[in-house]
Amino acid sequence: MPLTRKQKWRINKVQSEKIARADKAALKAESELDDEKEYQGIVITRYGQRQLVEDENGIVFQSVSRQNIGFSVAGDKVLFQKTKHDDAIVTAIYPRDSELKRQDKLIAANIDQLWLVVAIEPHYEFELIDRYLIMAENSNLPIGIIVNKIELSTNKSKTEDDFLNYQSLGYDVHFLSVKKQINLGFFKEQLVNKSHIFLGQSGVGKSSLINSLIPDLQLRVNEISSKSKLGKHTTTNTTIYHIPSGGDLIDSPGVREFQLDSLTELEIKSGFKEFRALSDACRFRDCRHINEPNCAVKVSLDQGKINPNRYQSYLNILA
Ligand SMILES: Nc1nc2c(ncn2[C@@H]2O[C@H](COP(=O)(O)OP(=O)(O)OP(=O)(O)O)[C@@H](O)[C@H]2O)c(=O)[nH]1
Ligand SMILES: [Mg+2]
Ligand SMILES: [Zn+2]
2 MPLTRKQKWR INKVQSEKIA RADKAALKAE SELDDEKEYQ GIVITRYGQR QLVEDENGIV
62 FQSVSRQNIG FSVAGDKVLF QKTKHDDAIV TAIYPRDSEL KRQDKLIAAN IDQLWLVVAI
122 EPHYEFELID RYLIMAENSN LPIGIIVNKI ELSTNKSKTE DDFLNYQSLG YDVHFLSVKK
182 QINLGFFKEQ LVNKSHIFLG QSGVGKSSLI NSLIPDLQLR VNEISSKSKL GKHTTTNTTI
242 YHIPSGGDLI DSPGVREFQL DSLTELEIKS GFKEFRALSD ACRFRDCRHI NEPNCAVKVS
302 LDQGKINPNR YQSYLNILA
């Protein structure tokens, strides 16, 4: 539903008030700078107008941003100056190797690997998985799938079969149980020296997993609701944690809905690896793979070479 004029006005007003507050905080920090010296740091987390910035010695500063330098997020490499009160002001953001966005909103920067965490409870859904994979394909970032709480599966071979297609498409799939410590050791070996972000619904165990991978970390985790079987949105900020032996794990808040509104139809189409490989074989260059004649995707679907769940996701997402 389009916004009314009044709603738009209110959003703009809130937005400009936010900017004004941020500008005021930035000006105050500018007036209290300790000296002109600039340090290199990395943004650990952002909350509202503020962020935590870690310097090269691992010391963390509360920080605001200099006006007009843009929006920094977890993972950003930045330059900052210190204020007299041991706060800081970020003065520049380095160019990013990668950006992770959800509906055009920047979530994290400089990530090497995405992990979609799903679980036996709340039970995984193929369409949601496919949405994440499309997002990853379009961000040009590798994504793997973690199926957590595997000990709750009453039919393990069915659970494993559900993910065979993803594996044959080349996606890495790990069946884990944080609770029963199943397959964690092998998974941990995959994580060295890179920056990994864990994404997925609330309650699937993202924070629990990070807790079990980094000793002494005590991230807040929460029961899922026994009635709705949904998570309670325990994690509220995207935050980086360092693995002592090298590498970073980024926890992110669970999202209930994962929309792909900002992607074009072409991007959605090319988010399906198996379609991409066939597109040249369709009669029409701009084939939508729905009811065009001589569509190679439809032929493959009929031959059982394309997974019907994937094709159904495609139709649902386009609809
Ligand atoms: N049975 C079972 N429960 C688990 C497992 N891993 C995590 N949990 C539980 O699942 C619940 C949710 O875990 P969290 O780590 O808070 O989930 P999250 O994905 O971080 O959720 P948000 O922060 O809300 O996005 C907690 O009660 C965990 O103890 C597992 O392997 N098996
Ligand atoms: Mg969490
Ligand atoms: Zn086609």
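Here our numbering is used: position 113 in the sequence shown is 114, and no number is missing along the way. In this text, a Cβ means the ideal position worked out from N, Cα and C, and glycines have one as well. For clarity, every value in this text was computed on a predicted model and none was experimentally measured.
For phenylalanine 199, the enclosing beta strand (DSSP E) starts and ends at 196-200. The straight-line gap separating the alpha-carbon atoms of glutamate 224 and glycine 204 is approximately 7 Å. In the structure shown, alanine 320 falls within a coil segment according to DSSP collapsed to helix, strand and coil.
If you check the CB distance, threonine 236 and proline 254 come in under 8 Å.
In this structure, the straight-line span from the alpha carbon of phenylalanine 259 to that of tyrosine 133 is close to 8 Å. Distance from the C-beta of alanine 278 to the nearest heavy atom of ligand 3 is not below 7 Å.
With respect to the C-alpha of asparagine 194, the residue from Asp24, Ile43, Asp249 having the closest C-alpha is Asp249.
Approximately 6 Å separates the beta-carbon atoms of tyrosine 242 and isoleucine 211; this is inside 8 Å, confirming the contact.
In the three-state reduction of the DSSP assignment, aspartate 287 falls in the coil class. Threonine 160 and serine 154 have their C-alpha atoms spaced approximately 7 Å apart. In the three-state reduction of the DSSP assignment, serine 280 falls in the helix class. Between tryptophan 116 and serine 32, the alpha-carbon positions lie close to 42 Å from each other. Going by DSSP, lysine 270 is part of the alpha helix (DSSP H) stretching over 266-271. DSSP, read as helix, strand or coil, puts phenylalanine 187 in helix.
Counting C-beta atoms within 10 angstroms of its own C-beta, proline 123 has 16 or more neighbours from the protein chains shown and is therefore classed as buried. For isoleucine 20, the enclosing alpha helix (DSSP H) has its first and last residue at 6-32. At a cut-off of 7 Å, the beta-carbon of isoleucine 60 does not count as near ligand 1: no heavy atom of the ligand is closer than that. Annotation: asparagine 156 to glycine 71 spans about 49 Å, alpha carbon to alpha carbon. The residue among Ser263, Val119, Lys230, Arg67 with its C-alpha nearest the C-alpha of leucine 107 is Ser263. In this structure, glycine 42 and valine 79 form a Cβ contact; the two beta carbons are roughly 5 Å apart against a cut-off of 8 Å. For the segment 82-132, the continuous beta strand (DSSP E) assignments of 3+ residues that do not extend past its boundaries occur at 89-94, 100-103, 106-110, 114-120, in sequence order. Histidine 86 counts as exposed, since fewer than 16 other C-beta atoms from the protein chains shown sit within 10 angstroms of its C-beta.
Around the beta carbon of isoleucine 318, 16 or more other beta carbons lie within 10 angstroms, which makes this residue buried.
Ranked by Cα distance from aspartate 36, the options Glu57, Ala89, Gln50 are led by Ala89.
DSSP places valine 300 in no beta strand (DSSP E) but in the uninterrupted alpha helix (DSSP H) bounded by 297-303. Taken through DSSP and simplified to helix, strand or coil, lysine 150 comes out as coil. In chain order, the residues positioned with their C-beta nearer than 5 Å to some heavy atom of ligand 3 are Cys283, Cys288, His290, Cys296, Val298.
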